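In the numbering used here, the protein residues as written are 8 to 93.
Every residue, glycine too, gets a C-beta built ideally from N, C-alpha and C.
Just so it is clear, the structure is predicted and the values come from calculations on it, not from any experiment.
Take a look at the structure below.
Okay, here's the thing in structure tokens:
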């Protein structure tokens with residue numbers, strides 16, 4: 008049981024479940040569950056928080072999203088956790 012608790016604490020979902028859920032529901036179809044990109048869609052790992060936040064306003068082929076500021080912050084935090092664990 009103790010190992011399971013430690014594994015959950017070390018996972019991105021435990022660190023930011025809201026950010027993970029938003030990312031998986033809205034971003035993973037193009038950017039992959041780990042942010043590496045699918046087909047010609049870009050790898051978004053390693054992007055700064057400012058770059059990621061700008062992207063939510065829409066750019067190139069990416070549509071604009073109507074996220075609340077706290078939702079954007081949660082997605083950015085989740086992506087930074089993925090990068091740190093990557």
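Exposed or buried, residue i, counting other C-beta atoms within 10 Å across all chains shown (16 or more means buried)?
i, result
"residue 15", "Its pLDDT being 46, under 50, residue 15 is placed unreliably by the model, and the measurement read from it follows with that caveat. Under this definition residue 15 is an exposed residue."
"residue 65", "exposed"
"residue 42", "buried"
"residue 82", "buried"
"residue 95", "The shown model of the chain, from 8 to 93, leaves out residue 95, and the question about it has no answer."
"residue 89", "buried"
"residue 86", "buried"
"residue 53", "exposed"
"residue 27", "buried"
"residue 62", "buried"
Could you give the residue range of the alpha helix (DSSP H) that holds residue i?
i, result
"residue 37", "35–38"
"residue 54", "Taken as a continuous stretch (DSSP letters only), residue 54 belongs to no alpha helix (DSSP H), as it is neither H nor E."
In three-state terms, what does DSSP make of residue i?
i, result
"residue 85", "helix"
Would you grab the beta carbon distance between residue i and residue j for me? Rounded to a whole angstrom, and I think it's under 8 Å.
i, j, result
"residue 46", "residue 84", "No, residue 46 and residue 84 are not in contact; Cβ-Cβ is about 26 Å, not under 8 Å."
"residue 31", "residue 40", "7 Å"
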